[in-house]
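Residue numbers (the numbering used here): 52 to 118.
Following this line, the structure appears as C-alpha cells:
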C-alpha cells in the first residue's frame, strides 16, 4: 500500500468487519498473498514516524485477533 487512502481503506475494512467475518477475510487474504492482515497492518503503521500510528496499529491488531 502506497498512500494514506489505502491505509484508510484498511482501517475501514478491519473496523467494520471485526465482529462478523474478519477471521475469514484474513484467511482468504493469507491464501492469496502469503501474508496476514496483521502483518500488513504492522508494515503500514509501525514504520511510520507519526506517534499515533503505534496506537492505530495496536487497536487494529486487537480487532483482528478478536480482543
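Built from N, CA and C at the ideal position, the CB exists for glycine as well.
Distance between residue 66 and residue 111 (C-alpha atoms, nearest Å): 7 Å
Using a Cβ-Cβ cut-off of 6 Å (strictly less than) and excluding sequence neighbours within five positions of residue 109, which residues of its own chain qualify? none
Applying the 10 Å Cβ sphere with the 16-neighbour rule, what's the burial state of residue 92? buried
Could you check where the alpha helix (DSSP H) with residue 105 kicks off and where it finishes? 103-116
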